[in-house]
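Beneath this line is the structure, given in structure tokens, with notes to follow.
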DNA sequence: CAAATAGTGTCTTTGAGACAATATATC
DNA sequence: GATATATTGTCTCAAAGACACTATTTG
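Here it is in structure tokens:
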């Protein structure tokens, strides 16, 4: 039935291609995802992931598109951007006969000031527990958030902290607290320390601090080895 | 600089969206990937992954597109199709200013007869070791194959056999041999049996066989529990 | 010294690797 | 019985959980 198939591929109508961002941050002791309230139809006034349309004249790659859309929509490019999944279908977006969404996960520091982008009424940090429960989200963004949460938790479970997740320097107990907040459950102190040290991803600094009326903790940074974790495999976005 | 950004998103030119298939099979004791020789430019006469252009008038989803393209290009829809990665960029394909490729991994039974699709000179099963070494492949398909191989090996390592990987019934030693062929290295007999049985993915059948001049092995099938492994998470292609 | 958190010691459990021993077919 | 593979037994090791203990700071 597809007999005219020998023509050049470019003649076929192409779908609308968007890049959506699952931006995370640790705030008030729990993992939160950034939602934006849509200013226009479809799903007007509903909350969803910030995102934008791929611009083939501006974007060199999907990774670059994700950065640009971060800047345009929330005023900043999230760090540690990594592709999570690509979804597409005929009935995802009424504005186009076929719509594709390439979803990226990223981090921002909790204290960074976000700015409202175009076509957005408001931005809001939502705890991922709530976001998973709420069925009020636009499109299939609830599922996409769920995938992104699974993804970042898998990384943290293996002590692969996405770039931008950690402060420049930190103590092991601070690293553990952060991990617990991302994973959503407590971790054993001894086991965590053992695993982190065995992995040899830390460099001990010759300072000390973290006051309080108690013994201070040693300060560490990520070493170079742990930064090289991005292979070509993660780079081809 | 992007001041006219308030217009409807659909006015932007969209990229060429393709779906490429990394189809695997076990043959002659090793994991092989199916390559096709291109009949037309670009990369005329070079080998690459079989693939095709997304047809928004025919395909309900990317998963459906992968099935259709399987049928069109190699005469059969691979089983256990799962999305691996999406790549895109300005200079990937000279036929379009921007080209996207959504890569799916799938399996076919080794004895199935393939048929040559359009725009393909020939099909060839290439051991993944060779495919990884050859830098002769079209586009960035060498990298895509590498990703797909990592993906299927991760699954098999965790005893998650993609649909179509296993015959309907099999013995534990046969399952181990298959796993070793996919992983590319031998496994410990006792450990493998322990892990498989502990995972409770098998149902023992009341037959027996696998002749030869030796003790016969028990016959198993995958149970229903192990089939339910496809959650909504893997379904949204 | 009291309080509070950092860091260590160590017992136990679990899962995996190694390898020996036993079981059951065919010839 | 000889042979070949299936299946089990068991020793060892490595990683993780549990929990008690020690260390070091401030007030």
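Chains as they are written, first to last, in the numbering used here: chain A, 1 to 237; chain B, 238 to 474.
In this text, a Cβ means the ideal position worked out from N, Cα and C, and glycines have one as well.
Secondary structure note for residue 341(B): its beta strand (DSSP E) is the uninterrupted segment 336 to 344.
Shown here for residue 205(A): same chain residues with a beta carbon closer than 7 angstroms to its own, the five before and five after excluded, namely 169, 219, 220, 221 in chain order.
Between residue 107(A) and the set 216(A), 167(A), 163(A), 143(A), the nearest pair of CA atoms involves 163(A).
Beyond the five residues adjoining it in sequence on each side, residue 414(B) comes within less than 7 angstroms, by CB distance, of no other residue in the same chain. Secondary structure at residue 282(B): coil, using DSSP grouped into helix, strand and coil.
Fully enclosed beta strand (DSSP E) runs of no fewer than 3 residues occupy 439 to 441 of the region 384 to 451 of chain B, in order along the chain. Rounded to the nearest whole angstrom, the C-alpha separation of residue 210(A) and residue 171(A) is 8 angstroms. With fewer than 16 other beta carbons inside 10 angstroms of its own, residue 264(B) counts as exposed. By the C-beta density criterion, residue 434(B) is exposed, having fewer than 16 other C-beta atoms within 10 angstroms. Looking from the CA of residue 21(A), the closest CA among 44(A), 72(A), 134(A) belongs to 72(A).
At a cut-off of 7 angstroms between C-beta atoms, residue 156(A) does not count as an interface residue with respect to chain B. Cβ-Cβ distances below 6 angstroms link residue 202(A) to 220 in the same chain, with the five nearest sequence neighbours on each side left out; the list follows chain order.
In terms of beta-carbon proximity, residue 293(B) lines the interface with chain A, with at least one pair separated by less than 7 angstroms.
A residue is called buried once 16 or more other Cβ atoms fall within 10 Å of its Cβ, and residue 133(A), having fewer, is exposed.
Interface criterion met: the Cβ of residue 13(A) is under 7 angstroms from a Cβ in chain B. Distances from the alpha-carbon of residue 373(B) to those of 419(B), 284(B), 338(B) put 284(B) closest. The three-state secondary structure of residue 62(A), taken from DSSP, is helix. One alpha carbon belongs to residue 391(B), the other to residue 100(A), and they sit about 27 angstroms apart.
Chain A has no Cβ within less than 7 angstroms of the Cβ of residue 307(B). Per the coordinates, the alpha-carbon of residue 375(B) lies some 44 angstroms from the alpha-carbon of residue 110(A). When 286(B), 451(B), 396(B), 256(B) are compared, the shortest CA-CA separation from residue 360(B) is found for 286(B). Under the 10 Å beta carbon count, residue 352(B) is surrounded by fewer than 16 other beta carbons and is classified as exposed. In its chain, beyond the 5 residues on either side, 127, 128, 129, 181, 184 have a beta carbon closer than 8 angstroms to the beta carbon of residue 30(A). Flagged as an interface residue toward chain B: residue 97(A), by a C-beta distance shorter than 7 angstroms. In the three-state DSSP reduction, residue 257(B) falls in the strand class (E or B). Per DSSP, residue 36(A) lies in no alpha helix (DSSP H) segment; the continuous beta strand (DSSP E) that holds it begins and ends at 30 to 38.
Here the alpha carbons of residue 16(A) and residue 53(A) stand approximately 7 angstroms from one another. Its chain contains 19, 54, 59 as the residues whose beta carbon lies nearer than 6 angstroms to that of residue 65(A), once the 5 sequence neighbours on both sides are disregarded; these appear in chain order. Considering only 324(B), 293(B), 281(B), 251(B), the residue with the shortest C-alpha distance to residue 382(B) is 324(B). About 11 angstroms separates the Cβ atoms of residue 62(A) and residue 82(A), ruling out a contact at the 8 angstroms cut-off.
Residue-level contact check: residue 90(A) touches chain B, since one or more beta carbons of chain B fall below 7 angstroms from its beta carbon. Among the residues of the region 353 to 375 of chain B, those with a Cβ less than 8 angstroms away from any Cβ of chain A are 355, 356, in the order of the chain.
With a 10 Å radius around the Cβ and a threshold of 16 neighbouring Cβ atoms, residue 11(A) comes out exposed. Looking only at 451(B), 450(B), 395(B), the smallest Cα-Cα distance to residue 437(B) is reached by 395(B).
Among the CB atoms of chain A, one or more fall inside 7 angstroms of the CB of residue 290(B). Of all residues in the region 255 to 282 of chain B, only 255 place a beta-carbon less than 8 angstroms from a beta-carbon of chain A.
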